[in-house]
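Notes for the one structure printed next.
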Amino acid sequence: MTDQQQTLDVLFDGDRLVLEEHRDGTGPFYRFPRTGATHSPASRTAFTWADALHARIHPIGTAEQVLRAWSRGRPPRGTAPHHDPTTVPPRRVRAGCVVIRDDHMLLIRYETGGTHFEIPGGGVEEGETVEAAAVRELMEETALHGTPVREVARTWRERGLGHYFLMAAEGEVGPAETLDNHGGHPEWVPVKDLPRTPLWPRRLSWRITHWHNEGWPAHPAELADSIHELDRPCRW
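So the sequence shown is numbered by the UniProt record's numbering: it starts at 1 and just counts up by one.
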């Protein structure tokens with residue numbers, strides 16, 4: 001049986017999600033127990049809702065499904081399918097740029113199919129590092145000169161992998177006719193408004209606000225993001 005064919009146990013102790021604790025080169029991460037497997041209780045950790053939002057929970061596709069249901073007041077119990085998009089080679093790799101000045105974040109506004117925003121960035125070219133792609137894309141889409149400070153998130157969506165970097169940037173946004181952003185328009189949006197902004201990737205919207213206020217993660221957040229309804233609230 002492959003991993004994707006397995007089912008996982010979704011266990012709660014009262015209002016806390018119970019997960020197995022593991023470690024890798026970047027520190028602890030947590031997994032849903034495999035259905036039918038036996039483990040020592042000492043290897044498990046119980047998470048409140050608030051703590052689970054910021055924990056490294058694997059597989060990330062199952063974590064997305066469980067947190068989505070929990071956010072709606074219907075925490076799933078029993079079993080859930082094993083879903084891990086990180087095991088499938090991505091067809092496209094994207095580098096994104098988180099640029100913040102004076103409590104405003106630079107986004108690209110699009111009007112096609114209704115107003116929505118995207119984080120500046122684009123596809124990584126052959127032979128290019130994700131860091132170099134972030135610098136290049138920021139220049140092409142905004143005319144800002146950027147330097148990656150740290151990678152803050154990795155998102156998986158429909159065979160696409162996104163690397164998002166907090167960037168230090170110099171200069172000013174260039175004239176529209178000099179920019180290459182596929183019909184979009186750069187716009188500074190208050191960081192506090194990001195959770196209510198139709199922003200893609202959706203699961204980064206409230207997280208960027210939280211990180212800006214409370215501190216950026218020491219290691220990149222790892223998130224599956226299958227959300228298409230950008231106008232709906234997302235707090236998970």
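Every residue, glycine too, gets a C-beta built ideally from N, C-alpha and C. Keep in mind it's a predicted model, so treat the numbers as computed, not measured.
Handout entry: Start-to-end residues for the beta strand (DSSP E) that takes in Arg92
Key = Taking the sequence shown and counting its residues from 1, one reaches residue 92 at position 92. Segment Arg92 to Val98, the beta strand (DSSP E) holding Arg92.
Exercise for the section: State the DSSP-derived secondary structure class of Ile108, mapped to helix, strand or coil. Expected result: The count along the sequence shown starts at 1 and reaches residue 108 at position 108. Correct three-state label for Ile108: strand.
Exercise for the section: Would you tell me roughly how many angstroms separate the C-alpha atoms of Arg154 and Arg92, rounded to the nearest one? Expected result: Taking the sequence shown and counting its residues from 1, the one referred to as residue 154 is at position 154. Taking the sequence shown and counting its residues from 1, the one referred to as residue 92 is at position 92. Those two C-alpha atoms are separated by around 13 Å.
Practice task
Taking Trp156 as part of the beta strand (DSSP E), name the residues at either end of that continuous run.
Solution key: Sequence index remark: in the sequence shown, residue 156 carries index 156 (1-based). Its beta strand (DSSP E) spans residues His145 to Arg157.
Handout entry: Bridge partners - His58, DSSP secondary structure assignment
Key = Translated into positions along the sequence shown, residue 58 becomes position 58. Beta-bridge pairing links His58 to Arg31.
Problem - Given 8 Å, three or more beta-carbon pairs between the region 73-83 and the region 50-57 - result: no
Practice task
For Asp24, write down the residues that DSSP places opposite it in a beta bridge.
Solution key: Within the sequence shown, the letter at position 24 stands for residue 24. According to DSSP, Asp24 bridges with Gly27.
Problem - Check whether Arg157 and Pro201 have beta carbons under 8 Å apart - result: Within the sequence shown, residue 157 is the residue found at index 157, counting from 1. Within the sequence shown, residue 201 is the residue found at index 201, counting from 1. Yes, the Cβ-Cβ distance between Arg157 and Pro201 is below 8 Å.
Practice task
Run the CB neighbour count on Pro89, radius 10 Å, all protein chains shown included, and call it buried at 16 or more, exposed below.
Solution key: Here the question's residue 89 lines up with position 89 in the sequence shown. The residue is exposed, with fewer than 16 neighbouring Cβ atoms inside 10 Å.
Practice task
On a CA-only basis, which of Asp180, Thr209, Gln65 and His83 is nearest Asp193? Give me that one, please.
Solution key: As a position in the sequence shown, residue 193 is number 193, starting the count at 1. Selected option, being the one with the closest Cα: Thr209.
Practice task
Let me know if residue 239 comes out buried or exposed under the rule of 16 or more other beta-carbons within 10 Å of its beta-carbon.
Solution key: Only positions 1 to 236 of the chain appear in the structure, and residue 239 is not among them; the question remains open.
Practice task
Would you tell me roughly how many angstroms separate the C-alpha atoms of Glu140 and His182, rounded to the nearest one?
Solution key: On the sequence shown, position 140 is the one that residue 140 refers to. On the sequence shown, position 182 is the one that residue 182 refers to. The alpha-carbon atoms of Glu140 and His182 are separated by roughly 11 Å.
Handout entry: Leu223 versus Leu138, Gly174, Ala176 and Gln65, residue with shortest Cα-Cα distance
Key = Counting from one through the sequence shown, the residue named residue 223 turns up at place 223. Comparing Cα positions, the closest option is Gln65.
Handout entry: DSSP-derived helix/strand/coil call for Trp49
Key = As a first step, residue 49 must be located in the sequence shown, where it is residue number 49. Three-state result, Trp49: helix.
Practice task
Tell me whether Asp193 sits in a helix, a strand or coil according to DSSP, three-state version.
Solution key: Locating residue 193 in the sequence shown gives position 193, where the first residue counts as 1. In this structure, Asp193 counts as helix in the three-state DSSP scheme.
Practice task
For Ile119, I'd like the list of residues in its chain whose CB is within less than 6 Å of its CB, leaving aside the five on either flank, ordered along the chain.
Solution key: On the sequence shown, position 119 is the one that residue 119 refers to. Only Gly96 meet the Cβ criterion.
Exercise for the section: Consider the C-beta atom of Asp15 and the heavy atoms of the ligand GDP; say whether any pair is separated by less than 7 Å. Expected result: With respect to small molecules bound, the structure shown includes none, and the ligand GDP cannot be examined in it.
Problem - Thr7 versus Gly61 - alpha carbon distance - result: Position 7 of the sequence shown, counted from the start, is the residue given in the question as residue 7. Position 61 of the sequence shown, counted from the start, is the residue given in the question as residue 61. Their backbone Cα atoms lie some 13 Å apart in a straight line.
Problem - Pro148 versus Thr142, Ala134 and Pro198, residue with shortest Cα-Cα distance - result: Mapped onto the sequence shown, residue 148 falls at position 148. Of the candidates Thr142, Ala134 and Pro198, the one whose C-alpha sits nearest the C-alpha of Pro148 is Ala134.
Practice task
Give the single residue among Ile227, Phe32 and Leu17 whose Cα lies nearest to the Cα of Thr48.
Solution key: As a working note, residue 48 is residue 48 in the sequence shown. Closest by alpha carbon: Leu17.
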